[in-house]
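Working notes for the structure below.
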Amino acid sequence: MSIFRSLFLWISNNKSLRKNLPNFFFVKKAVKRFMPGENLNDAIEAAKKLQKPKLGTVFTYLGENLTNISEAEFVKDHYKEVLKRISNENLNSEISLKLTQLGLDLSFEKAILFFEQIAALAKELNNFVWIDMEGSNYTQATIDFYNEVHKKFTNTGLCLQAYLMRTKYDIENNLDYNSSIRLVKGAYKESPEIAFQKKSDVDKNYISIAKMLLQQSQTSRRRIVFGTHDLKIINHIKQTAFKLNTNELELHLLYGIQTSEQIKMANEGLNVKTLISYGKAWFPWYMRRLAERPANVWFVLKNIFSG
Ligand SMILES: Cc1cc2nc3c(=O)[nH]c(=O)nc-3n(C[C@H](O)[C@H](O)[C@H](O)COP(=O)(O)OP(=O)(O)OC[C@H]3O[C@@H](n4cnc5c(N)ncnc54)[C@H](O)[C@@H]3O)c2cc1C
C-alpha cells in the first residue's frame, strides 16, 4: 500500500481532523466534485439529470459508526423517506447503506429491526437495498447480518471486497447461492495478513471473482453488480460475459468519476447506475476518495488558490 494511500486512510479515521478539516472552504468546495450536495433534494435533482442519458442511480446517505441508537432510528426513517421519494418521482434509483449507520456497533438486533423495516418498504415499492461493506472488523458481522435478512428479503444485496483474501471463500461457503453481490476492490486500510496490498494482485483477484460470479449467474438467481471505474477490468468483464453469452451486465460507478464513460456504457446498452452520496457526514468518505487517487489531492489544492 502506498504511503499516500495510508496517509489519507489514517486521516479518514482521525477524530480531530474529522472535526476540523470539513470547516475549511477549500475542502467544502472540492468535495462537490464527488457529491451534488448535502441534502436529499440535491441527490434527487442529480439523479433526474442522470436519467436523461439513461443512467440509473443509487442513493447513499453518508454516515458511519453511530454512537447513539436514536441516530440510527433517524437514519432508518430517512431511508424510508428516500424510498417514498424514489417511488413518487418515478426514479430509476435504489439505496445503499452502511450497517454501522443503522447501529451495528450498538445492537445487532436493533440494526436488524431497522434494516427489515427499510427492506419491507423497499419490497412493497418494488425496490432494492444494498449493504455497503465496511472495514474488516465488520466483515463477518455484515455477512451474518446479510444472511439473516436475505432469508426474508430477497430484494437485498451485499457488497464484497476483492482486496480481501477471504472473499472468494465467502462467496463459495458463507453466502447463499442466490445472494446478490456488488463486487468492489475495497476502500479501507487492511493488513497484509488478510488483504492483497499490490494493485496488480487486487485486480487479478477482482477478475477471477468476477469470472466465477458470471459463471455462477448461469445457474443462480443472484443479481451481480460490478462496482469499479477500472476500464481494463470492465473490458475483461465484458469479454467474459460475451463468451458466456450473459446479456445482462450491470455496473455501478461513483458520482463524478468517469462520467463520460458511464454515459457511453449506458448508451451501449449496459445497465449502469451512478452511486450518489450526500449528507453532512462526508469527511471519512471523502478522504477514502482522495486515497484512491493522488490526482484528487491536486484538485483540492487547486481550490485553495482559485478562491
Ligand atoms: C458503486 C460503488 C460502491 C462501492 N462500495 C464500496 C463499499 O461498500 N465498500 C468499500 O470498501 N468500497 C466501496 N467502493 C469503493 C471501491 O472499493 C474502490 O475503492 C473504488 O471504487 C476505487 O477502485 P476502482 O475499482 O475504481 O479501481 P482503481 O484501480 O482504484 O481505479 C481505476 C481508475 O478509476 C478512476 N478512479 C478510481 N477512483 C477514483 C477517485 N476516487 N477519483 C477519481 N478517479 C478515480 C481512475 O481513473 C483510476 O485510474 C465502491 C465503489 C463503487 C464504484
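If you number the sequence shown the way our numbering does, the last residue is 1218 and the count never jumps.
We put the beta carbon where it would ideally sit given N, CA and C, even for glycine.
Comparing alpha carbon positions, the residue from 1180, 972, 1062 closest to residue 1090 is 1062.
If you draw a straight line from the Cα of residue 1124 to the Cα of residue 931, it comes to about 43 Å. A distance below 8 Å separates the beta carbons of residue 1164 and residue 1173.
Under the DSSP definition of a beta bridge, residue 971 partners with 1188. Between residue 1066 and residue 1040 a beta carbon distance of about 7 Å is seen, short of the 8 Å cut, so the two are scored as contacting. Relative to the non-hydrogen atoms of ligand 1, the Cβ of residue 1168 comes within a distance shorter than 7 Å of at least one. Per DSSP, reduced to three states, the secondary structure at residue 977 is coil, with no helix or strand assignment.
Here residue 1030 carries a helix assignment [DSSP, helix/strand/coil]. DSSP assignment within the stretch 1141-1186 yields the following whole alpha helix (DSSP H) runs of 4 residues or more, N-terminal first: 1142-1154, 1170-1178.
For the set 1031, 984, 1139, 1193, the Cα lying nearest the Cα of residue 1176 is the one of 1139. Non-local C-beta neighbours of residue 1128 in its own chain, meaning closer than 7 Å and more than five positions away in sequence, comprise 1135, 1157, ordered along the chain. With contacts defined by Cβ atoms closer than 8 Å, residue 951 and residue 996 form a contacting pair. When the Cα atoms are used, residue 1051 and residue 956 turn out to be separated by approximately 36 Å. Between residue 1028 and residue 987, the alpha-carbon positions lie close to 8 Å from each other. The DSSP assignment places 1004-1008, 1040-1042 as complete runs of the beta strand (DSSP E) inside the stretch 1001-1060, in order along the chain (cut-off: 3 residues). Residue 970 is positioned such that its CB atom lies no closer than 8 Å to that of residue 942.
The way I'd put it, the stretch 1144-1152 does touch the stretch 1112-1119; three or more beta-carbon pairs between them come closer than 8 Å.
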